[in-house]
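Sequential numbering from 0 applies to the sequence shown in numbering that gives the first Met the number 0.
Beta carbons: idealized from backbone N, C-alpha and C, even for Gly.
All of these numbers come straight from a predicted model, not from anything done at the bench.
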Amino acid sequence: MEIKTFICEQSGARLDAFVSAACDISRSLAADIIDQGLVKINGKVAKKSAKLTVGNNVEVQMPDLAEPEALPQDIPLDIVYEDDDLLVVNKPKGMVVHPAPGNPDGTLVNALLFHCKGRLSGINGVLRPGIVHRIDKDTSGLLIVAKNDKAHNALAEQIKEHSFTREYRAVVYGNVKDDTGTVNAPIGRDPKNRQRMAVVYVNSKPAVTHYEVLKRFEGFTFMKFRLETGRTHQIRVHMASIGHPLAGDPVYGPKKVITELCGQCLHAGLIGFVHPTTGEYMEFSSEIPQYFTSYLAKLKEI
């Protein structure tokens, strides 16, 4: 049994929600662990409904979890494009990309295994077949999936060479001063909290994010981002580092979370690549989903 310790940096979150995010497990599993008395706040066993405050020490005794197995599941997919080599899928907010402890099923991979009848690249192993790149659970939008190893290698090389087009839309806190700009800052594990990423200059990788302001609202800015690199949580970390975290972000945002968004307001709206077989450049786009448009409608334009 592994013991993990976290320091709470935001007030108001329920303990089960905090443990779910910090340990990267489902909320139901987090609640079950808490009910077993395996989670303490400042040394005392706590209930799952307990509200955290800044500075609380949260100790989690993580039980040994069985290695998940990816099995086909008949889950609807929003397929934007498909051929013998690849698929472009529009992932909904809230869907995990591949199985992991605490998220053994109901993932995009489970749905892909059913739809493709197992015909997916095997480069990333049995839990991530076909997955060339990922987006976070609470980020919606476009993902490319490889059906064979040849296509996977060709697409992965484009990502490595920064020739893979990825464009996002997001709402961030505050009024971003410049209409356009670039954040060029390396990203690595946060030395103070290994569950987070941060702009750090040791044990990190280069990260470049270009941005453009689309519309300004009272207290918020609607923005477009284009990635040169694809680091974990890149847009979320970069915008937080310049004082404009994403609206709804429970990890990098302010202490008071926008609960109605159920996670960061971020959508992968455009993807472009050279087809691994035909050599043709292909580009696909996805309109921002309802949760995003509903939130924009509530904001007061400046």
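In or out: residue i buried (at least 16 other Cβ within 10 Å) or exposed?
| i | result |
| --- | --- |
| Lys92 | buried |
| Ser19 | buried |
| Gly218 | exposed |
| Arg168 | buried |
| Ile78 | exposed |
| Asp248 | buried |
| Ile2 | exposed |
| Gly252 | buried |
| Pro128 | buried |
| Val44 | exposed |
| Thr106 | buried |
Please report the Cβ distance between residue i and residue j, rounded to the nearest whole angstrom; I am assuming they are in contact, meaning their Cβ atoms lie under 8 Å.
| i | j | result |
| --- | --- | --- |
| Arg181 | Thr208 | This sequence places Thr at residue 181; Arg is not what is there. About 7 Å; that satisfies the 8 Å criterion. |
| Leu85 | Ala150 | 5 Å |
| Asp83 | Gly121 | Actually they are not in contact, since the Cβ atoms of Asp83 and Gly121 sit about 16 Å apart, beyond 8 Å. |
| Phe224 | Glu166 | 7 Å |
Less than 9 Å separating the beta-carbons of residue i and residue j?
| i | j | result |
| --- | --- | --- |
| Val87 | Ile6 | no |
| Arg235 | Gln263 | yes |
| Gln60 | Met0 | yes |
| Leu245 | Val175 | no |
| Ala267 | Leu142 | yes |
| Ile40 | Leu51 | yes |
| Ser284 | Leu269 | yes |
| Asp23 | Lys47 | no |
| Val108 | Ala69 | yes |
| Phe216 | Glu282 | no |
| Ile130 | His161 | no |
| His54 | Lys254 | Here residue 54 is Gly; the residue named in the question, His, does not match the sequence. No. |
| Gly173 | His232 | no |
Is the Cβ of residue i closer than 9 Å to any Cβ of chain C?
| i | result |
| --- | --- |
| Ser240 | Reference to chain C is not applicable here, since this structure consists of a single protein chain. |
Requested in this report: Jot down the residue ranges of each uninterrupted beta strand (DSSP E) in the segment 102-127, minimum 3 residues, whole runs only, in chain order.
Outcome: DSSP runs (the beta strand (DSSP E)) wholly in the segment 102-127: none.
Query - Contained beta strand (DSSP E) runs [length at least 3] in the segment 33-71, N- to C-terminal order - result: DSSP runs (the beta strand (DSSP E)) wholly in the segment 33-71: 38-40 and 56-61.
Query raised in the report: How about the segment 238-245 and the segment 135-143: do they share at least three Cβ pairs that are nearer than 8 Å?
Result: Touching, no.
**Report entry** 4 or more residues per run - each alpha helix (DSSP H) lying fully within the segment 224-252
**Finding:** Runs found: 233-240.
Query raised in the report: So does the segment 197-214 actually touch the segment 182-189, counting three or more Cβ pairs closer than 8 Å?
Result: Three or more beta-carbon pairs drawn from the segment 197-214 and the segment 182-189 are found closer than 8 Å, and the two stretches are therefore classed as touching.
Report task. Say whether the segment 147-161 touches the segment 273-280, bearing in mind that this needs 3 or more beta-carbon pairs closer than 8 Å, one atom from each stretch. Result -> Between the segment 147-161 and the segment 273-280, the count of Cβ pairs shorter than 8 Å is three or higher; the stretches touch.
Report task. Could you pull out every unbroken alpha helix (DSSP H) segment of at least 4 residues lying fully inside the segment 132-169, listed in chain order? Result -> Complete alpha helix (DSSP H) runs here, min 4: 148-159.
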